[in-house]
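Presented below is the structure to which this report refers.
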Amino acid sequence: MGQKNGAAPPAQGVPIVLTGSATDMSDFKLSPFRAFTGGFPTAIIPRFLLRKYWYPRVPTNGDSTAKFAPYGMRKIEASLIKEFGAQKVAVAHPYDLKTFVGPNTKVIGISSMEPAGTGFVSRTYTSLVGFGGEPVAAAEFRDLITNPILRKWGAKIVLGGAGAWQIHRTKLQKKYGIDCIVMGEGEKTAIEIFRKALKGEELPQVVETEPPNPEEICPIMNPSIFGTVEITRGCGRGCKFCSPMMRRCHSFPLEHILQEVELNAKNGTQMIILASEDIFLYRCNDKFLPNREAITELIKSIAAVPGVEFIQPAHAALAPVVCDPEMIEEIGPVLREKSYWVTNETRHSSVEVGMETGSIRLLKKYMPGKMLPFKPKEWHDVVTKAIEIMNENYIWPLATLIVGLPGETEKDTVATLELLDKLKHNKLFYVPLLFTSEDDCMLREAGHMDLKHLTPLQWELLARCWRHKQQLSRGRQRRRLSHLHGYPRVSKFLNFDIYDLNIIGGYLDKKEKQPQIVTVYGSRWLTKRSPFPNYDLY
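If you use the numbering used here, the sequence shown closes out at 542, no skipped numbers anywhere.
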């Protein structure tokens, strides 16, 4: 359908309708890191409040289609429009499905990130917060998939997106009435699934897609949430817990990227997220050496596009920073000028980096290419030097750590604690994550790490991450959500921090007993349902 005209949607419905859950169809008030809180449990704050204040719906166009949508959905939409025509495709917020689903609707495509709440973030923080309830993202997906309008006219239901594997793994496909689960890159294979659905043919229950050729990947035709644009796809560094490493690495032409940036900026997205497994893979050589000229041209070209207010790289590797510090000196000022983030009155940029572990043994076993072109034994030096270079250029990274990799020993955990100790004076934010075996990674047969199996040293690792965050953000003005006060079981004080992705607070429900406080490795912890740091709670 036309995305900006004021024409009313067809009364009989649109043949292909694309949608996602309420959390997937929100920009979380233009905060990409806040979007990770979709992995937090539903018992903290009533969802009607979250929907209004935390993840409000995206705006609509004159024809009631969604003005912004997840980038992956926009990619599929572009392929479908190219194949079947714009009048046969509509992208809608879940609250507007009744406007587009009707007798003429043959297939409803649903994009998902955390449909079952079994990803890295949901498993970790639902467990850590410990207040009960399923993850918010899973609850919103359930509300969507059980909406009677999906089945009223007999349309086929096709599930895709980065989280589609969760429904397959948890065996929820039959319960939720999903006709087909598409796992992997969808531009090529998914189009054939939609073609079959339009013809009324039976669909396979699960499809593992064939990667598209670069020329088969269409630029998006309508704006994406967060102004996301893809600069590279795939990785190739060989991390066995990560699904993107299974995909071939490809850099998109600058003209292709700028076309999507300009489309987003023209439609008022403000922010441009540079989607990549590692921004420094952009036009790098086969030894993972960064291409300074290409990356500098990319960042400066995007910054020069009218309407681009913020630039947010999604991910970066640490080794390329050490390879070429001058590259960081060139792009650092641009990223800082176009940054969304201010901490303690200091404007800085940020990017997610995969630190993962301080164990050389685990690095060699599960991440053989993470430190290239350096050697595994140099990992501590690579990490500390990279963070130092980034800090010098006002980049305060968000560093993920994987807790409980298969076969992790006390010695491995100590090595990670030693690495954190070397970084105790640096500016970075830690996000520890419980190991999760995703379906489309090499460790898919390995067991998840659960909170109850953490060792005292691993708890100390979590505490160390928390204390570092507290030290770094000490003195910053905290935001109180005054409009949430007065509701039972809502935190008295909520420290919603975009970096550490933790919510702290005490229940107001007087029926709940006060949590018991214990000491673990010198850190004070709450033990009401699960350990949780006791800082600034009341």
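Cβ atoms here follow ideal geometry from the backbone N, Cα and C, with glycine treated the same way.
- Taking the Cβ atoms as the reference, residue 349 lies roughly 20 Å from residue 402, outside the contact range of under 8 Å.
- Per the Cβ contact rule, the stretch 200 to 209 is in contact with the stretch 105 to 118 (3 or more Cβ pairs under 8 Å).
- Annotated as proximal: residue 128 and residue 438, with beta-carbon spacing under 7 Å.
- The beta carbon of residue 333 sits closer than 7 Å to the beta carbons of 397 from its chain, once the five residues preceding and following it are set aside; these are given in chain order.
- Residue environment: residue 217 is assigned as exposed (fewer than 16 neighbouring CB atoms within 10 Å of its CB, all protein chains considered).
- Under the three-state reduction of DSSP output, residue 470 falls in the helix class.
- The Cβ-Cβ distance between residue 115 and residue 165 falls below 7 Å.
- The DSSP-derived three-state label of residue 260 is helix.
- For residue 384, the enclosing alpha helix (DSSP H) starts and ends at 383 to 396.
- Residue environment: residue 413 is assigned as exposed (fewer than 16 neighbouring CB atoms within 10 Å of its CB, all protein chains considered).
- If one requires a minimum length of 3 residues, the beta strand (DSSP E) runs lying completely within the stretch 91 to 126 are 93 to 95 and 111 to 115, in chain order.
- If you look at residue 178, you'll find it isn't in any beta strand (DSSP E); it sits in the alpha helix (DSSP H) that goes 177 to 180.
- In the three-state reduction of the DSSP assignment, residue 359 falls in the strand class.
- Counting only runs of at least 3 residues, the stretch 163 to 225 fully encloses the following beta strand (DSSP E) elements, listed from N- to C-terminal order: 184 to 187 and 210 to 212.
- Here DSSP, grouped into helix, strand and coil, assigns residue 316 to strand.
- According to the DSSP assignment, residue 24 belongs to the beta strand (DSSP E) that extends over 20 to 24.
- Here residue 198 really is in contact with residue 84; their C-beta atoms are around 6 Å apart, less than 8 Å.
- Of 343, 381, 377 and 353, the smallest CA-CA separation from residue 366 is found for 381.
- Taking a C-beta distance under 7 Å as the contact criterion, residue 335 and residue 300 qualify as a contact pair.
- Taking 7 Å as the cut-off, the Cβ atoms of residue 235 and residue 305 do not count as close.
- Following the DSSP letters along the chain, one finds residue 402 inside the beta strand (DSSP E) bounded by residues 402 to 407.
- In this structure, 307 is the residue among 307, 320 and 368 with its C-alpha nearest to the C-alpha of residue 341.
- When Cβ pairs closer than 8 Å are counted between the two stretches, the stretch 322 to 331 is seen to touch the stretch 358 to 378, the count reaching three or more.
- Sequence-distant partners of residue 153 (beyond 5 residues in either direction) whose C-beta falls short of 8 Å from its own C-beta, in its chain, are 101, 102 and 105.
- Under the three-state reduction of DSSP, residue 160 is assigned to strand.
- When C-alpha distances from residue 72 are compared across 258, 26, 429 and 219, the shortest belongs to 26.
- Under a 10 Å Cβ-count criterion, residue 15 is classified as exposed, with fewer than 16 other Cβ atoms of the shown protein chains found around its own Cβ.
- Residue 351 sits in a strand when the DSSP states are folded into three classes.
- Counting C-beta atoms within 10 angstroms of its own C-beta, residue 97 has 16 or more neighbours from the protein chains shown and is therefore classed as buried.
- With a threshold of 16 other beta carbon atoms within 10 Å, residue 289 falls short and is exposed.
- Going by DSSP, residue 154 is part of no alpha helix (DSSP H) at all; its letter is neither H nor E.
- The continuous stretches of alpha helix (DSSP H) do not include residue 433, which lies in the beta strand (DSSP E) extending over residues 433 to 438.
- Here the alpha carbons of residue 291 and residue 362 stand approximately 23 Å from one another.
- Across the set 177, 229, 231 and 255, the C-alpha of 255 shows the shortest separation from the C-alpha of residue 240.
- The stretch 460 to 467 and the stretch 383 to 395 do not touch, with fewer than three beta-carbon pairs separated by less than 8 Å.
- Counting of Cβ neighbours within 10 angstroms places residue 346 among the exposed residues, the total staying below 16.
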